[in-house]
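Enquirer: Take the sequence shown: its position 429, counting from 1, is numbered 428 in numbering that gives the first Met the number 0, and each next residue is one higher.
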Amino acid sequence: MRNPCVVSALLGLTAMTGCTVGPDFVRPTPALPVTWQGSTVTALAAPSDARWWRVFGDPVLDAIEDKAGTANLDIQMALERIAAARATQGLAKAEALPTVSGQASYSRERIGTEGVAAIAAPLLGLTSVPQSPKSVDFNLYSFGAGASWELDLWGKHRRQIEGAQAKLTATDAEARGVRLSVQAEVARSYFQLRGLWAERRFAEQRQALARQTIAIAATLTDRGLATPMDLAEVQSRDRQIRDECLDLDDQIARASRALAVLIGTGPDEQPIDPSDAYVLPVPGAPALRMPSELAQNRPDIVAAEAQLHTATAAIGVAQAEFYPSISLTGLFSLDVLNLDDLGWNARSTSIGPSLSLPIFDGGRIRRQVELRRSEQRSAALYYQQTVRSAWREIDDALGVLRTLQARGELADAEVQARQRTMAALDARYRRGDIAATPVLEARAATVVAETTRLRQRIATLLAQIQLQRGLGG
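#1: Using the beta-carbon count (16 or more within 10 Å), is V135 buried or exposed?
#2: Under 8 Å Cβ to Cβ from L195, same chain only, skipping five residues before and after it: list those, please.
#3: For A82, tell me which candidate among G361, L333, T170, A305 has the shortest Cα-Cα distance.
#4: Judging by CA-CA distance, which residue of A91, N138, Q383 is the nearest neighbour of D339?
#5: Tell me the DSSP secondary structure of N2 in three-state form.
#6: Determine the contact status of I213 and Q234, defining contact as a CB-CB distance below 8 Å.
#7: Measure the alpha-carbon distance for Q463 versus V301 and round it to whole angstroms.
#8: Taking A305 as the reference, which of Y322, Q383, I325 has the closest Cα?
#9: From the DSSP output, read off the bridge partner residues of E108.
#10: Where do the ends of the alpha helix (DSSP H) carrying G162 lie?
#11: Under three-state DSSP, which class holds A95?
#12: Would you call the CB atoms of P352 and S326 closer than 8 Å?
#13: Assign A42 to one of three DSSP states: helix, strand, or coil.
#14: For the alpha helix (DSSP H) holding T402, just list the boundary residues, first then last.
#15: Taking only three categories from DSSP, how would you classify V20?
#16: I'd like to know if the stretch 143-161 and the stretch 86-101 are in contact, where contact means that at least 3 CB-CB pairs between them fall below 8 Å.
#17: Can you give, in chain order, each stretch of the alpha helix (DSSP H) that sits fully within the stretch 215-279 and has at least 4 residues?
#18: Hey, would you say Q206 sits closer than 8 Å to C244, going by beta carbons?
#19: Does DSSP classify V447 as helix, strand or coil?
#20: Round the Cβ separation of A209 and D237 to the nearest angstrom and send it over; I've been treating them as touching at under 8 Å.
#21: From G469 to Y322, what does the alpha carbon distance come to, in whole angstroms?
#22: Between the Cα of L179 and those of N296, A310, P29, spot the shortest distance and give me the residue it belongs to.
#23: Going by C-alpha distance, which of E198, T402, A217, I240 is nearest D229?
#24: Round the Cβ separation of P97 and W148 to the nearest angstrom and send it over; I've been treating them as touching at under 8 Å.
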């Protein structure tokens, strides 16, 4: 470039690319309590664990959680959304870079000799072709390259990159939320299925006891020691138990299909073996974290914060439209009429800045800024709502868990009392003091109490899963 003035001007324009309009993002401070309701825990009890379900110590659950992590379709779709957000970030970065393109063309030209060609033809060494109207034919070969770069004088591209990065952070957090939701749903479905199978076995025990009671009642009725109404009553209880078994079978089938879909297998495949010996884990005390840690662990809060960041950066992008935009363009080409003339002397060059300044747009830019500011305020309100909802969700989960643990203790006490009663009646029966019917009824009552305790334990496990989900894993 021979003109030093042009060089100086370009360097001066480049030096102006340090200004960034629009508000800078300030990370919000979530309004969270010092401690959780009904809890004195104020310090981090355990680090966040992506494999939080291992607290239950169940190898089968570990295996199906791992399977869901790779085969679940919701997780796969969330990963694709991350890939799309990463591509969007790359596009934003590319917008800030110069563009260079090459071109080559050939055309067969014809222009009338009564126009410009009347002057240009002799200069170009062309002869007119006697046609009507008269014209000049020639070949035009062009080879070249062009470059352009919009100077980021007001930080528009920097704000776009900032917003795209925040969008990627939000999408990644949303994907973690999807993964956490799937993990929690897999654990819920797994323990529900385990509980239904155990409840089905208890129902079979009650059904066997009911049949023994029916046999005894039928014998007593035949001997005139019981009325037909007594027999009809125990037969009615047997039908109720059979109806419960049918309902349990339906629940088991639906729970199996739901779990199979979650872990990526066919709905007709059995996700786990119902015949293996299994003992439900006894839930321990949850590892609570300091409330201030919630903003770093819960994916929805992280996503809401990143969305607020994206909305803040968008204000700067809109405000940059108020200011002039300057682009540098350059072109180099070789243009010849004959390929034999192709060479350095056939070059054409151009370079220089172009300026675009908004003068009148009917208020479009101002309205665009107002829109972006409104979106930022909405994002800030959404962040506050997300934090408060998380706070309430965790307090609710803690309250439910405490209640279920207390009810579980009552269920344990009831089972122990029923077992003592059954043992006493069984001893009297063996001595011949009483008939078999009271013993069978005591055994049935014990099984009912054990079923109630089972349901309480399953509910407690599900409540602990809900709490782990609320804490972010």
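Heads up, the beta-carbon is just placed ideally off N, CA and C, and yes, glycines get one too.
Expert: So, to answer that:
#1: Here residue 135 corresponds to residue number 136 of the sequence shown, with the count starting at 1. Buried: at least 16 other Cβ atoms inside 10 Å.
#2: Counting from 1 along the sequence shown, the entry for residue 195 is found at position 196. So the qualifying residues of the chain are L247, Q250, I251, A254.
#3: Start at 1 with the first residue of the sequence shown, and residue 82 comes out as number 83. Ranking the options by Cα distance to A82, first place goes to T170.
#4: In the sequence shown, the residue the question calls residue 339 occupies position 340. Of the listed residues, the one whose Cα sits closest to D339 is N138.
#5: Here the question's residue 2 lines up with position 3 in the sequence shown. Note that N2 scores 45 on pLDDT, short of 50, meaning its location in the model is unreliable; the coordinates nonetheless yield the value given after this. Coil, per DSSP.
#6: Within the sequence shown, the letter at position 214 stands for residue 213. Within the sequence shown, the letter at position 235 stands for residue 234. Cβ distance < 8 Å, so I213 and Q234 count as in contact.
#7: Position 464 of the sequence shown, counting from 1, holds the residue named residue 463. Position 302 of the sequence shown, counting from 1, holds the residue named residue 301. Going by the C-alpha atoms only, they are around 22 Å apart.
#8: Taking the first residue of the sequence shown as 1, we reach residue 305 at position 306. With distances taken between Cα atoms, A305 lies closest to Q383.
#9: Here residue 108 is taken as the residue at index 109 of the sequence shown, counted from 1. Answer by DSSP bridge pairing, in chain order: F137.
#10: Counting from 1 along the sequence shown, the entry for residue 162 is found at position 163. Taken as a continuous stretch (DSSP letters only), the alpha helix (DSSP H) holding G162 covers 155-221.
#11: Taking the first residue of the sequence shown as 1, we reach residue 95 at position 96. Here A95 sits in coil by DSSP.
#12: In the sequence shown, the residue the question calls residue 352 occupies position 353. In the sequence shown, the residue the question calls residue 326 occupies position 327. For P352 and S326, yes; Cβs fall inside 8 Å.
#13: Start at 1 with the first residue of the sequence shown, and residue 42 comes out as number 43. Confidence at A42 is low in this model, with a pLDDT of 37, below 50, so the placement of that residue should be treated as unreliable; the coordinate-derived value is given next. Of the three classes helix, strand and coil, the one that applies to A42 here is coil, per DSSP.
#14: The sequence position of residue 402 within the sequence shown is 403, counting from 1. Residues 363-430.
#15: Residue mapping note: residue 20 aligns to position 21 of the sequence shown, counting from 1. Three-state DSSP puts V20 in coil, outside helix and strand.
#16: yes
#17: 227-261
#18: Position 207 of the sequence shown holds residue 206. Position 245 of the sequence shown holds residue 244. Yes. Within cutoff.
#19: Counting from one through the sequence shown, the residue named residue 447 turns up at place 448. It is helical.
#20: Translated into positions along the sequence shown, residue 209 becomes position 210. Translated into positions along the sequence shown, residue 237 becomes position 238. 4 Å between Cβ atoms; contact.
#21: The residue given as residue 469 occupies position 470 in the sequence shown. The residue given as residue 322 occupies position 323 in the sequence shown. When rounded, the distance between both Cα atoms is 46 Å.
#22: Counted from its first residue, the sequence shown places residue 179 at position 180. When only C-alpha atoms are compared, the closest one is N296.
#23: To locate residue 229, count along the sequence shown from 1; it is residue 230. Ranking the options by Cα distance to D229, first place goes to A217.
#24: Here residue 97 refers to the residue found at position 98 of the sequence shown. Here residue 148 refers to the residue found at position 149 of the sequence shown. That pair is a contact at about 4 Å.
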